[in-house]
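In order, the protein sequence lines correspond to chains H and Y. Every letter in the first sequence is one number past the one before it in the numbering used here, and letter 159, counting from 1, is 159. To get the numbering used here, take the position in the second sequence, counting from 1, and add 1000. First up is the structure itself, then whatever we jot down about it.
2 protein chains.
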Amino acid sequence: MYQNQIVIDGLQYCHWTRDYFITLQKSGITAVHVTLVYHEDARQTLSLFGQWNRLFEQNNDVIMPVFEVKDIERAKASGRVGILFGAQNCSPIDNDIDLVEVMRKQGLLIMQLTYNNQSLLASGCYEEVDSGVTRFGKQVIREMNRVGMIIDMSHSAERSTLETIELSTRPICISHANPTFAHNALRNKSNDVLKALSESGGLLGFSLYPFHLPYGSQCQLNDFCQMVTKTADLIGVNHLAIGSDLCLNQPQSVLQWMRNGHWSKAMDYGEGSAAAPGWPAALSWFDGTDGMKNIYQGLLEHGFTHQETAQIIGGNWFDFLELNLNSQSKW
Amino acid sequence: MYQNQIVIDGLQYCHWTRDYFITLQKSGITAVHVTLVYHEDARQTLSLFGQWNRLFEQNNDVIMPVFEVKDIERAKASGRVGILFGAQNCSPIDNDIDLVEVMRKQGLLIMQLTYNNQSLLASGCYEEVDSGVTRFGKQVIREMNRVGMIIDMSHSAERSTLETIELSTRPICISHANPTFAHNALRNKSNDVLKALSESGGLLGFSLYPFHLPYGSQCQLNDFCQMVTKTADLIGVNHLAIGSDLCLNQPQSVLQWMRNGHWSKAMDYGEGSAAAPGWPAALSWFDGTDGMKNIYQGLLEHGFTHQETAQIIGGNWFDFLELNLNSQSKW
Chain H
1 MYQNQIVIDG LQYCHWTRDY FITLQKSGIT AVHVTLVYHE DARQTLSLFG
51 QWNRLFEQNN DVIMPVFEVK DIERAKASGR VGILFGAQNC SPIDNDIDLV
101 EVMRKQGLLI MQLTYNNQSL LASGCYEEVD SGVTRFGKQV IREMNRVGMI
151 IDMSHSAERS TLETIELSTR PICISHANPT FAHNALRNKS NDVLKALSES
201 GGLLGFSLYP FHLPYGSQCQ LNDFCQMVTK TADLIGVNHL AIGSDLCLNQ
251 PQSVLQWMRN GHWSKAMDYG EGSAAAPGWP AALSWFDGTD GMKNIYQGLL
301 EHGFTHQETA QIIGGNWFDF LELNLNSQSK W
Chain Y
1001 MYQNQIVIDG LQYCHWTRDY FITLQKSGIT AVHVTLVYHE DARQTLSLFG
1051 QWNRLFEQNN DVIMPVFEVK DIERAKASGR VGILFGAQNC SPIDNDIDLV
1101 EVMRKQGLLI MQLTYNNQSL LASGCYEEVD SGVTRFGKQV IREMNRVGMI
1151 IDMSHSAERS TLETIELSTR PICISHANPT FAHNALRNKS NDVLKALSES
1201 GGLLGFSLYP FHLPYGSQCQ LNDFCQMVTK TADLIGVNHL AIGSDLCLNQ
1251 PQSVLQWMRN GHWSKAMDYG EGSAAAPGWP AALSWFDGTD GMKNIYQGLL
1301 EHGFTHQETA QIIGGNWFDF LELNLNSQSK W
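Listed below in structure tokens is the structure:
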């Protein structure tokens, strides 16, 4: 039964309103990894935490914050949606190694080392040259391992990702991306990356963002499930999850912020183009209400067992978080 | 027995080194309220938390952070010194009401509304005009009450202090100051303030800073205990504690930072003067090793019962923190 499962969406950046929280609650989602930051620095990140504290205060009957895995169980038990925070970039730590622990304490559980571009830590998937993990990056990986902040390489380049998997003493995640074999895109991941990821105990969250999918906005549930099946054959079911990358009800300005931040004077179109600068058309079978349920049904129909399907729609995220959010800090 | 007591020093700003932590441990102090910030803004406050996280990591056999009252019990049980953080000014929240909760989550348990000067919240005790609590101040008091961040009015002016006691739905503290009747100084507190403080369940921490004491650096233990006795007669033993304001091993530059921050172009001498710009000479009977023990003995000799003495050297702080650190946040 879908209703009994722990359902976790490993990435969303929707317009966060009470109406949408209620939609999430009705959808049966137990917890969602919310992008707090794309390009915001440490100070701005504090204000974003502050804004979310207001949302928690105003909507505590529908949502609750997740600081540890037990909070996901509490969310399930109370019929609320757990919110766990991540950053799509390393901007929240400025250039300060000490801010890894500070941000982790504040509730930043997951952080990408790069967002498309070169960062202070590693190379993004849109750079021409992928120079791997930087000196600062090596220190930050060690510190993230220590304090239990999960490394996410969704938007990172190949060499940087492989090096990070090697350097990190804890498994990492690619919270929202698809295999290149299913759709060739800069944001998707090679078989080499997928194998290294899974062999180190890492997790791949399949993306539902049309730019990452075969046939784009025309991708059908059947196409999606075939991709999952083929990936399971390659790296096993234990490493598969969902990270929908769902961005509902956001204006064009948000897309421009994601793509341009403060770094680009000329308009950068990211995965779009000057001819198609806007949000891609949404998938008909994946929205805020029925998306995860449709995937659950689809996977069962594609021959995954109940147990395997439960793992993919949330169980694997739950186990991964349980293993990797704990601090190894000595005090 | 002094050794069995919960001993809490309600304010110190020493030079924090491993040697000094060991001194604190040997002194029998269970927990100390450490000043994290004098004038630092939100971003700088994060780095100060970061620096302390390093100290905790490097000295976890001697000190530990206090986030809740149970941590003080844990410190006592493990023979370590608990460190609880406060700010002497409201600078850590910038001009942003949301940062009250953010800073509280990070571990800022106590915050003064003003430090000598007018702040965005209220008037400091050195201002010519005391205009009381500001519009922003009223909102911050309500928010501090809600999230369990303790209000400290040690460096605030009379009207601002009385209004805050009235506005706050939870008792406040004056963590480090003395009664004006014992020594007339801008930083000390009138009988009116002491009475309003105690009637609302608040706490006064007696200061050992020579500028706040009768006879300055020549103040003897006997003089100090007489002041405590007289204050107990005025407002009762339940509202009395210690907040030594001890600033050991700090260079002149720190004193100048405390007094001038970024606000003064001309040198401001605070409680000192151009003729005596430096740190006042320390009290011979109050230092990092034996200070609290000497007070414990002195109070017993001045006729306080064992129970009352235990309250003054730590029990009252413990009870006050237990009552006022809990969040009234709904989630």
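The beta carbon of each residue, even a glycine, is placed where N, CA and C say it ideally should be.
When the distance is taken between beta carbons, is residue j closer than 9 Å to residue i?
{"i": "D287 of chain H", "j": "G1050 of chain Y", "result": "no"}
{"i": "E1163 of chain Y", "j": "G1132 of chain Y", "result": "yes"}
{"i": "G291 of chain H", "j": "L246 of chain H", "result": "yes"}
{"i": "S1160 of chain Y", "j": "T1114 of chain Y", "result": "yes"}
{"i": "G1243 of chain Y", "j": "S1154 of chain Y", "result": "yes"}
{"i": "C1090 of chain Y", "j": "V1034 of chain Y", "result": "no"}
{"i": "I1151 of chain Y", "j": "S1123 of chain Y", "result": "no"}
{"i": "Q311 of chain H", "j": "N249 of chain H", "result": "no"}
{"i": "D1009 of chain Y", "j": "I1029 of chain Y", "result": "yes"}
{"i": "L1046 of chain Y", "j": "Q1106 of chain Y", "result": "yes"}
{"i": "G205 of chain H", "j": "L11 of chain H", "result": "yes"}
{"i": "L109 of chain H", "j": "L283 of chain H", "result": "no"}
{"i": "F304 of chain H", "j": "A232 of chain H", "result": "yes"}
{"i": "W285 of chain H", "j": "L234 of chain H", "result": "no"}
{"i": "D958 of chain Y", "j": "D1041 of chain Y", "result": "Coverage of chain Y is limited to positions 1001 through 1331, which leaves residue 958 of chain Y absent and any answer about it impossible."}
{"i": "S1027 of chain Y", "j": "K1265 of chain Y", "result": "no"}
{"i": "Y1209 of chain Y", "j": "P1280 of chain Y", "result": "yes"}
{"i": "M1258 of chain Y", "j": "N1178 of chain Y", "result": "no"}
{"i": "N145 of chain H", "j": "R170 of chain H", "result": "yes"}
For residue i, would you say it is in contact with chain Y, using Cβ-to-Cβ distances shorter than 9 Å as the test?
{"i": "S131 of chain H", "result": "no"}
{"i": "N191 of chain H", "result": "no"}
{"i": "Q106 of chain H", "result": "yes"}
{"i": "G201 of chain H", "result": "no"}
{"i": "F181 of chain H", "result": "no"}
{"i": "F49 of chain H", "result": "yes"}
{"i": "V373 of chain H", "result": "Since the first and last residues shown for chain H are 1 and 331, residue 373 of chain H lies out of range."}
{"i": "L46 of chain H", "result": "yes"}
{"i": "V102 of chain H", "result": "yes"}
Which partner residues does residue i have in the DSSP bridge list?
{"i": "F85 of chain H", "result": "H:V34 and H:L108"}
{"i": "P1065 of chain Y", "result": "Y:I1083"}
{"i": "L246 of chain H", "result": "H:Q12"}
{"i": "A241 of chain H", "result": "H:G205"}
{"i": "G124 of chain H", "result": "H:S156"}
{"i": "I151 of chain H", "result": "H:M111"}
If you measure from the beta carbon of residue i to each beta carbon in chain H, is any gap under 9 Å?
{"i": "E1040 of chain Y", "result": "no"}
{"i": "D1096 of chain Y", "result": "yes"}
{"i": "L1084 of chain Y", "result": "no"}
{"i": "G1053 of chain Y", "result": "One point to set straight first is that residue 1053 of chain Y is Asn, not Gly, in the sequence displayed. By this cut-off, N1053 of chain Y is an interface position."}
{"i": "E1073 of chain Y", "result": "no"}
{"i": "W1331 of chain Y", "result": "Because W1331 of chain Y sits at a pLDDT of 46, beneath the cut-off of 50, its placement in the model cannot be relied upon, and the following sentence gives the value as read from the coordinates. Output row for W1331 of chain Y: interface = yes."}
{"i": "G1278 of chain Y", "result": "no"}
{"i": "L1099 of chain Y", "result": "yes"}
{"i": "C1173 of chain Y", "result": "no"}
{"i": "R1043 of chain Y", "result": "yes"}
Would you please state the rounded distance, in angstroms, between the beta carbons of residue i and residue j? I believe it to be under 8 Å.
{"i": "L299 of chain H", "j": "T309 of chain H", "result": "4 Å"}
{"i": "A1157 of chain Y", "j": "E1127 of chain Y", "result": "6 Å"}
{"i": "V1037 of chain Y", "j": "L1024 of chain Y", "result": "20 Å between Cβ atoms; not a contact."}
{"i": "V1102 of chain Y", "j": "S1327 of chain Y", "result": "With a Cβ gap of about 13 Å, V1102 of chain Y and S1327 of chain Y do not count as contacting."}
{"i": "N1316 of chain Y", "j": "L1203 of chain Y", "result": "6 Å"}
{"i": "V1007 of chain Y", "j": "G1314 of chain Y", "result": "4 Å"}
Hey, would you say the C-beta of residue i is under 8 Å away from at least one heavy atom of the ligand FMN?
{"i": "M64 of chain H", "result": "Questions concerning the ligand FMN fall outside what the structure shown contains, since it holds no ligand whatsoever."}
Cβ of residue i less than 9 Å from any chain B Cβ?
{"i": "A1196 of chain Y", "result": "Note that chain B does not occur in the displayed structure, where the protein chains are H and Y."}
- request: Can you check the region 253-307 of chain H for any alpha helix (DSSP H) of at least 4 residues that lies completely inside it and give the ranges in chain order?
  value: 291-301
task: Return the chain-ordered ranges of every alpha helix (DSSP H) run that is complete within the region 159-226 of chain H and spans a minimum of 4 residues.
output: 191-199
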